[in-house]
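Number of protein chains: 4
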Amino acid sequence: MTVADIFNEIPFAKHLGIEVTEAADGHAEAHLELEAEHSSNPATMIGHGGVTYSLADTVGGAAVVSLTEDVAPTIDMRMDYLAPVTEDIHAVADVVRDGGSMAVVEVEVYDTGETHVATAHAVYKTSGQGAENAWRSENDPRDGAD
Amino acid sequence: MTVADIFNEIPFAKHLGIEVTEAADGHAEAHLELEAEHSSNPATMIGHGGVTYSLADTVGGAAVVSLTEDVAPTIDMRMDYLAPVTEDIHAVADVVRDGGSMAVVEVEVYDTGETHVATAHAVYKTSGQGAENAWRSENDPRDGAD
Amino acid sequence: MTVADIFNEIPFAKHLGIEVTEAADGHAEAHLELEAEHSSNPATMIGHGGVTYSLADTVGGAAVVSLTEDVAPTIDMRMDYLAPVTEDIHAVADVVRDGGSMAVVEVEVYDTGETHVATAHAVYKTSGQGAENAWRSENDPRDGAD
Amino acid sequence: MTVADIFNEIPFAKHLGIEVTEAADGHAEAHLELEAEHSSNPATMIGHGGVTYSLADTVGGAAVVSLTEDVAPTIDMRMDYLAPVTEDIHAVADVVRDGGSMAVVEVEVYDTGETHVATAHAVYKTSGQGAENAWRSENDPRDGAD
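Protein sequences appear in the order of chains R, U, P and G.
Going by this note's numbering, the letters in the first sequence line up with residues 198 to 343, in that order.
Going by this note's numbering, the letters in the second sequence line up with residues 198 to 343, in that order.
Going by this note's numbering, the letters in the third sequence line up with residues 198 to 343, in that order.
Going by this note's numbering, the letters in the fourth sequence line up with residues 198 to 343, in that order.
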């Protein structure tokens with residue numbers, strides 16, 4: 198099971214239609230098809246800021262896990278919105294600092310026409326998860342997966 | 198139609214089960230019942246960072262709109278995660294700077310047991326939306342609403 | 198030597214006139230007298246954003262070190278400016294999450310009249326500094342200090 | 198008087214030794230020579246986070262003013278630290294969103310050896326400064342300057 202596969206089994210990623218297509222060596226990519234339920238407005242289709250953020254947070258985590266092979270909870274993320282989202286979006290994440298116990302990730306989000314719709318920086322915790330690590334619990338149906 | 202009503206009609210807020218219960222004078226409150234589809238992990242229930250963020254972004258927008266009575270797109274938001282989300286959450290937002298063309302909002306998120314699970318600061322654009330303002334378009338079914 | 202004393206020996210803190218007055222149990226306080234060289238404008242006195250930030254970063258670090266008794270490099274900080282700085286400022290920092298390998302800190306900055314001029318959230322690295330820890334090097338004139 | 202000249206007259210920029218070398222069309226560059234007073238540590242030379250931030254905030258402002266030709270107060274800035282600063286640093290800023298009443302800026306900071314030491318995103322207010330605009334006051338010694 199690849200890191201991308203693991204992220205594609207995250208219930209919330211599935212709920213939003215997020216698909217991680219690549220995750221290796223601190224780099225990850227993902228996309229999302231914009232659907233009616235993603236809108237921030239009942240009268241028109243403009244993606245909600247939480248949709249773009251959820252894509253970024255997910256792909257950022259995948260970039261980190263592709264390096265660390267352990268769960269990596271988000272400590273903080275800041276997103277700057279650059280243009281309204283009115284079509285499908287895809288995101289690219291890169292670990293720009295692997296600091297041992299935490300990683301800093303940069304995420305860029307684009308729409309189909311390659312308009313740069315958002316940019317984000319995040320910090321993920323990368324070690325000492327210990328008991329928090331449900332991914333490796335005895336009850337994990339994906340046991341031995343990654 | 199109240200500001201809370203308007204936010205409760207946002208398709209993405211409905212999709213996540215976000216309910217805004219109060220929005221007046223730059224202050225807003227909202228909550229979300231944690232469901233299986235909100236999890237960041239197929240093996241256990243830990244709310245995805247994007248769920249908490251979406252609640253915060255929504256209630257923050259409601260706080261701003263309760264002051265400005267116009268659409269208020271998010272310019273940026275930073276969320277710090279303080280504890281894992283394992284139960285229902287609620288959020289409180291306050292405008293801490295109303296700067297004419299933008300507003301700064303502080304959002305605090307708590308779980309049922311009042312554990313402080315996240316804190317966020319955001320900037321929203323608050324004027325000159327002009328043509329972007331679909332809420333007041335001729336086609337708006339909620340015409341004259343707020 | 199107290200944690201406050203250690204921070205008051207930081208060359209850059211001295212250069213700006215930052216004084217840490219309290220640092221214990223994850224809480225710290227500091228102030229700065231606004232001088233001509235702090236201005237962002239040659240024609241009038243408005244404190245530069247970097248002055249307020251430097252005060253916040255310093256007092257935030259002191260709050261962390263008061264818990265961990267080890268160096269705590271800043272991983273990231275976000276500052277929101279709420280009002281122009283035209284007089285002396287003081288800041289209050291509290292650790293809101295002590296996450297083992299990192300700490301999240303909240304900092305509020307006020308002027309003499311108690312106007313809330315800025316708010317910040319930051320993440321500091323709190324362990325595994327190893328060789329980076331110049332504070333405990335053999336050459337440290339403050340050897341055995343804290 | 199160029200935008201770079203204006204920024205080089207900012208008292209706090211002078212106090213830190215920040216020099217803006219370029220500012221045009223939403224792009225700006227600046228550098229700073231690391232001096233003893235910039236250190237975050239009395240025992241060794243590691244630049245204080247506030248020094249790097251002050252450089253970024255200044256060059257970011259210059260990028261905005263090069264587009265708007267009006268004062269542009271910082272609304273918020275987030276800085277992520279990627280590596281310790283132990284030598285001279287330089288920064289590059291670009292406006293990535295010019296939103297009418299506000300601008301989003303991206304700043305990258307490097308040391309002499311081109312190590313990427315910090316990255317930042319900021320929002321600046323870009324219009325309606327009106328009475329706040331001391332730069333164009335009657336008492337401004339640089340009257341008619343830019």
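Just so it is clear, CB atoms sit at the ideal spot from N, CA and C, and this is done for glycine as well.
As the structure is a prediction and not an experimental result, all values here were calculated from the model.
- Using 8 Å as the threshold, is the segment 317–325 of chain U in touch with the segment 268–283 of chain U, meaning 3 or more CB pairs across them? yes
- For G:I203 versus G:T255, is the C-beta distance shorter than 9 Å? no
- In the DSSP assignment, what are the bridge partners of P:A300? P:D295 and P:Y321
- In the DSSP assignment, find the beta strand (DSSP E) that holds U:A221 and state where it starts and stops. I215 to A221
- Query: Which of the residues in the segment 246–260 of chain P, read from start to end, lie with their CB under 9 Å from any CB of chain G?
  - Reply: G246, G247, V248, Y250, S251, L252, A253, D254, T255 and G258
- For R:A253, the first and last residue of its enclosing alpha helix (DSSP H): G246 to T265
- Three or more beta-carbon pairs under 8 Å between the segment 260–271 of chain U and the segment 227–240 of chain U, yes or no? no
- Message: My assumption, with CB atoms under 8 Å, is that P:A227 sits in contact with P:T218. Please give the rounded CB distance.
- Response: 6 Å
- Item | CB of R:G157 within 9 Å of CB of R:Y307, strictly | The requested residue 157 of chain R is not part of the displayed model; chain R covers only 198 to 343.
- Item | With 16 other Cβ atoms within 10 Å as the buried cut-off, status of G:A220 | buried
- Item | Buried versus exposed, by CB contacts within 10 Å (16 or more), U:M198 | exposed
- Item | In DSSP terms, what P:V306 is bridged to | P:A288 and P:A315
- Grouping DSSP H, G and I as helix and E and B as strand, with all else coil, what is G:A201? helix
- Query: Is U:E234 closer than 9 Å to R:H212 when the C-beta atoms are compared?
  - Reply: yes
- Looking only at C-alpha atoms, which of G:G214, G:H313, G:G310 and G:T265 sits nearest to G:R294? G:T265
- beta strand (DSSP E) segment containing G:L229, residue limits: H224 to L229
- Message: Between which residues of its own chain and U:A290 is the CB-CB distance below 6 Å, once the five residues before and five after are set aside?
- Response: A225, V256, G257, A260, V302 and V304
- Message: Which residues in chain U have a C-beta closer than 7 Å to the C-beta of R:S236? List them in chain order.
- Response: P208 and F209
- Query: Can you tell which of P:E232, P:P281, P:A253 and P:G244 has its C-alpha closest to the C-alpha of P:T312?
  - Reply: P:P281
- Amino acids of chain G, ordered along the chain, whose beta-carbon sits closer than 8 Å to that of U:N299: A quick correction: the sequence has Met, not Asn, at residue 299 of chain U. Chain G residues near U:M299: I272, S298, M299, V320 and K322.
- Item | Alpha carbon of U:R333 to alpha carbon of R:M242, nearest angstrom | Any reading at U:R333 is ruled out, since the residue's pLDDT is 38, under 50, leaving its predicted position unreliable.
- Which term fits G:V296, buried or exposed, when burial requires 16 or more other beta carbons within 10 angstroms of its beta carbon? With the sequence shown as reference, residue 296 of chain G is identified as Gly, and Val is not the correct amino acid for it. G:G296 comes out buried.
- Can you find a CB in chain G that lies within less than 9 Å of the CB of P:A288? no
- Proximity to G:D222 [Cα-Cα], best of G:L252, G:T309, G:S263 and G:D285: G:S263
- Query: In chain order, what residues of the same chain have a beta carbon less than 8 Å from the beta carbon of U:G310, not counting five sequence neighbours either side?
  - Reply: E284
- Message: With a threshold of 9 Å between beta carbons, is G:L213 in contact with chain P?
- Response: yes
- If you check the beta carbons only, do G:G247 and P:L252 fall under 9 Å apart? yes
- What in chain G is Cβ-close to R:D267, meaning under 7 Å? Those within 7 Å of R:D267 in chain G number zero; the least Cβ separation is about 22 Å.
- Ordered along the chain, which non-local residues of its own chain (more than five positions away) have a Cβ less than 8 Å from that of G:S298? K322, T323, S324 and G325
- Task: Note down, in chain order, every chain P residue with its Cβ under 8 Å from the Cβ of U:L279.
- Result: V293, R294 and V301
- Query: Where R:I215 and R:D267 are concerned, what is the direct C-alpha to C-alpha distance, given to the nearest angstrom?
  - Reply: 21 Å
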